[in-house]
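Peer 1: Let me give you the structure first, and then I'll get to my questions.
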Amino acid sequence: MKKIVIIGGGLTGLTAAYHVNKQVKEEAVDWQLFEADDHFGGKFNTVHRDGFIIEKGPDSFLARKPAGMALVEELGLSDQLITNATGKSYIYHEGALHPIPEGSVMGIPTDIRALLESDLLTSDGKIRALEELMLEASVTEEDQSIGDFFEFRFGKEMVVRLIEPLLAGIYAGNIYEMSLRATFPQFEKTAKEHRSLMYGLKRHRPETISTTGTAKTMGAFRTLAGGLSTLTDALVATLPKERLHASTKVKAIENTTVVLDNGERIVADAIVIAATHDVVLSLLDAPAIKPLLAQPMTSLATISLAFDKEAVPEIPEGTGFLVARTGEYNITACTWVHEKWPHMVPAGKILLRGFLGKAGQVGLLEQSDEEMAKKVQADLKEMIGLQGDPLFYEVSRMKEAMPQYTVGHQERLELVEKDLEQSHPTIFLAGMSYRGVGIPDCIQAGKDAALGACKLLEQVR
1 MKKIVIIGGG LTGLTAAYHV NKQVKEEAVD WQLFEADDHF GGKFNTVHRD
51 GFIIEKGPDS FLARKPAGMA LVEELGLSDQ LITNATGKSY IYHEGALHPI
101 PEGSVMGIPT DIRALLESDL LTSDGKIRAL EELMLEASVT EEDQSIGDFF
151 EFRFGKEMVV RLIEPLLAGI YAGNIYEMSL RATFPQFEKT AKEHRSLMYG
201 LKRHRPETIS TTGTAKTMGA FRTLAGGLST LTDALVATLP KERLHASTKV
251 KAIENTTVVL DNGERIVADA IVIAATHDVV LSLLDAPAIK PLLAQPMTSL
301 ATISLAFDKE AVPEIPEGTG FLVARTGEYN ITACTWVHEK WPHMVPAGKI
351 LLRGFLGKAG QVGLLEQSDE EMAKKVQADL KEMIGLQGDP LFYEVSRMKE
401 AMPQYTVGHQ ERLELVEKDL EQSHPTIFLA GMSYRGVGIP DCIQAGKDAA
451 LGACKLLEQV R
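Right, here's the structure in full:
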């Protein structure tokens, strides 16, 4: 009997198992999934407390990427989909909340009047940004950093105050190290086609990019009524329990043999490693994966603070804010959950979710829950006038949770995949470290790896 081993029981691994289970005949293929933790679901962790629904992991996914919506439909969860409420988002800079200019696309302005009326940039900063409309065509053959690309086009001020808070927040990374082509290739493509990025986005905005953080933004995100753990729980429920093994760590991979921590050895015809690259490096001693050694990881934490509504000063209309990298603050962003996801918060209550974690930051997760909560409260006291103590708080720690796609990422990844195909053709990589960190990206990666493994078995037969 042919054997498939799936390593990792987070969203990617569970999706891979789901598609393997659909593809193969039980009597022909023995597949097994191993998860080192004592539970399945990975970073997904929904807490129900005192009428609140609190996400300690991801809180939503992009609807425009089809893999997420397709899986939700397949699992029969479509009737539980919730669209985010829309409204203004702000940038906190120099003691004030500044609305993101209307018409902005991931921080890039497309409405000249809205840019000129914004008080986020100085007059000189606005003039420099508008010079982008008159730039000569600039084509580079090599990958470049997000920061260098946008600073060349719009100047340093707009990058630091508007673009960086939005783009760095998605990947928790340093935009002067992050690869443009591995993260936002649409912007390079638009700039090449239309010379001016502002003009191109306004006239011919790609479907893969949408306006964000402004009052007119369409609801681009989705969650599930009971929280996103519903998704991973539903995946687990579809799979044979006897094939899912929690608290079972894979120690090493020796050619085609999977070695478990308990000493058991499984000779596999296909192996899906549904985990970040650091796990791959710990399991597989192969020259093919050496380019992954240079890929850094960022640790993150979120602190959700619950209050009675009357205990919190009047908060501006909107769904939250990001923090410009122009001051020494602990938090990088704050979501007003009661505004963005009203179904998650009881009437008369408020839920604020603060985000911690920056590229290169050390010692974040060594702090106690109380220390982190106090730091978030101190920042929010200055930023929105928050007073008093919360009813409760929930802290989530995500160690080395976010892989950083640094400049040259795609070239390194292509080299790894090509070399693995030659040296370890039975191994398939899937996870956040490769071709996208979002929920739909992980779902697609799990599916692709599963189909690749099944195809390999068919070829062997």
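Each residue of the sequence shown is one higher than the one before, starting from 1 at the first, in full-length UniProt numbering. We put the beta carbon where it would ideally sit given N, CA and C, even for glycine. The model shown is predicted, which means the values in this text are computed figures rather than measured ones.
Would you say the stretch 31 to 39 touches the stretch 244 to 262, given that touching needs at least three Cβ pairs under 8 Å?
Peer 2: yes
Peer 1: Could you tell me whether any non-hydrogen atom of the ligand FAD is closer than 7 Å to the CB of K189?
Peer 2: Absence of the ligand FAD is noted for the structure shown, with no ligands found whatsoever.
Peer 1: Helix, strand or coil: how does DSSP classify V160 here?
Peer 2: helix
Peer 1: Under a three-way DSSP split, which group does A270 fall into?
Peer 2: In this structure, A270 counts as strand in the three-state DSSP scheme.
Peer 1: Can you list, in chain order, the residues of its chain with a C-beta nearer than 7 Å to that of D369? Leave out the 5 residues immediately preceding and following it.
Peer 2: Cβ within range, chain order: V395.
Peer 1: Does the structure place the stretch 382 to 399 close enough to the stretch 297 to 310 that three or more beta carbon pairs sit under 8 Å?
Peer 2: Enough Cβ pairs lie closer than 8 Å, so yes.
Peer 1: Would you kindly check if the distance between the Cβ of V416 and the Cβ of L292 is under 8 Å?
Peer 2: V416 sits close to L292, with the two beta carbons spaced by under 8 Å.
Peer 1: Give me the Cβ distance between T183 and Y405, rounded to the nearest whole Å; I'm assuming they're in contact under 8 Å.
Peer 2: 6 Å
Peer 1: Count the other C-beta atoms from every protein chain shown that fall within 10 angstroms of the C-beta of T211, then say buried if there are 16 or more, exposed otherwise.
Peer 2: Residue placement at T211 cannot be trusted, given a pLDDT of 49 that sits under 50; the coordinates are not used to answer.
Peer 1: For my contact list, V437 and Y171 are in at a C-beta cut-off of 8 Å; report their separation, rounded to the angstrom.
Peer 2: 7 Å
Peer 1: Which residue wins for smallest C-alpha separation from A275, given the options I4, M1, K2 and T12?
Peer 2: T12
Peer 1: For C334, list the residues DSSP reports as bridge partners.
Peer 2: F321 and G354
Peer 1: With 16 other CB atoms within 10 Å as the buried threshold, where does N84 fall?
Peer 2: buried
Peer 1: Just to confirm before moving on: does the CB-CB distance between A324 and V160 stay below 8 Å?
Peer 2: It is a contact, given that the beta carbons lie within the stated cut-off.
Peer 1: Spatial neighbours of G452 within its chain, please: C-beta separation below 6 Å, excluding the five flanking residues on both sides.
Peer 2: F428
Peer 1: Per the DSSP calculation, L81 is bridged to which residue(s)?
Peer 2: For L81, the pairing in a beta bridge is given by DSSP as L224.
Peer 1: So, is N255 buried or exposed, given that buried needs 16 or more other C-beta atoms within 10 angstroms?
Peer 2: exposed
Peer 1: Just tell me which of G8, L162 and Q23 has its CA closest to the CA of E458.
Peer 2: Q23
Peer 1: Per DSSP, which residues does D30 bridge with? Please list them.
Peer 2: K3
Peer 1: Helix, strand or coil for R128, going by three-state DSSP, please let me know.
Peer 2: helix
Peer 1: Between P403, G95 and D448, which has its C-alpha nearest G385's C-alpha?
Peer 2: G95
Peer 1: In angstroms, rounded to a whole number, what distance separates the CA positions of E131 and S179?
Peer 2: 24 Å
Peer 1: Can E336 and I303 be called in contact, C-beta distance under 8 Å?
Peer 2: The question names Glu, but residue 336 is Trp in the sequence shown. No, these two residues do not count as a Cβ contact at 8 Å.
Peer 1: Using the Cα positions of T332 and H245, report the straight-line distance between them to the nearest angstrom.
Peer 2: 37 Å
Peer 1: If you count every other CB in all the chains shown that lies within 10 Å of the CB of D441, and 16 or more means buried, which is it?
Peer 2: buried
Peer 1: In whole angstroms, what separates the C-alpha of E400 from that of H194?
Peer 2: 38 Å
Peer 1: Could you tell me which residues DSSP pairs with R64 in its beta bridges?
Peer 2: R64 is not bridged by DSSP to any residue.
Peer 1: Measure the CB-CB distance between G42 and G10 and report whether it falls below 8 Å.
Peer 2: Between G42 and G10, the CB-CB gap stays under 8 Å.
Peer 1: Which two residues bound the contiguous beta strand (DSSP E) that contains K251?
Peer 2: V250 to E254
Peer 1: Tell me, to the nearest whole angstrom, how far the beta carbon of I271 is from that of I7; I am working on the premise that it is less than 8 Å.
Peer 2: 7 Å
Peer 1: In terms of residue numbering, what span does the beta strand (DSSP E) encompassing K56 cover?
Peer 2: It is not in any beta strand (DSSP E) - K56 carries neither H nor E in the DSSP assignment.
Peer 1: How many angstroms separate the CA atom of S145 from the CA atom of V407?
Peer 2: Roughly 6 Å separates the two Cα atoms.
Peer 1: Taking all protein chains shown into account, decide if K249 is buried (16 or more other Cβ within 10 angstroms of its Cβ) or exposed.
Peer 2: exposed
Peer 1: Output the distance between the C-alpha atoms of M402 and H409, rounded to the nearest integer angstrom.
Peer 2: 15 Å
Peer 1: Considering just the uninterrupted stretch of the alpha helix (DSSP H) at F154, what are its terminal residues?
Peer 2: Note, F154: alpha helix (DSSP H), I146 to F154.
Peer 1: Where does the unbroken alpha helix (DSSP H) through L429 begin, and where does it stop?
Peer 2: Counting along the chain, L429 falls outside any alpha helix (DSSP H), though it belongs to the beta strand (DSSP E) covering I427 to A430.
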